[in-house]
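Residue numbers (our numbering): 134 to 247. Cβ coordinates follow ideal geometry from the N, Cα and C atoms, glycine included. Following: one structure in structure tokens, then a few remarks.
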């Protein structure tokens with residue numbers, strides 16, 4: 134859903150702001166999608182529209198050096214673990230519909246891609 138995409142975009146922006154990293158989207162063929170902010174300014178509440186030249190859905194690259202997404206124990210409002218994936222359009226991070234507390238998320242290997 135677009136809300137899930139916004140949530141993961143918010144995580145990507147939070148990581149960007151706190152770690153100095155750039156959130157990266159990729160297409161199935163390994164290229165970057167074309168993203169357009171149809172009604173500027175774009176932010177987590179108003180994410181850009183992104184399309185891939187190979188007609189695949191853009192997905193987020195895992196931010197951890199081990200190729201995985203951060204683990205987020207107890208990050209949902211109901212205390213459950215948030216599940217972050219490359220495809221937030223089809224996977225809600227919190228089963229209760231809340232936005233994860235990203236401060237509770239960390240890479241299992243302790244690293245983030247630069």
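**Prompt:** Skipping 5 residues on each side, what residues in its chain have a beta carbon closer than 6 Å to that of residue 192?
**Reply:** Taken in chain order, the residues that qualify are 219 and 220.
**Message:** Which of the three DSSP states is assigned to residue 237 in this structure?
**Reply:** Residue 237 falls in the helix class under three-state DSSP.
**Message:** Alpha carbons only, please: which of 229, 182 and 177 is nearest the one belonging to residue 211?
**Reply:** Taking only the C-alpha atoms, the option nearest residue 211 is 229.
**Asked** By Cβ distance, which residues of its chain are closer than 6 Å to residue 167, with the 5 residues on each side in sequence left out?
**Response** For residue 167, where only same-chain residues beyond five positions count, the Cβ hits under 6 Å are 184.
**Asked** Candidates 158, 235, 237 and 233: which alpha carbon is nearest residue 195's?
**Response** The option with the nearest alpha carbon to residue 195 is 158.
**Item:** Rounded C-alpha distance that separates residue 237 from residue 162
**Value:** Within the model, the alpha-carbon separation for residue 237 versus residue 162 is close to 32 Å.
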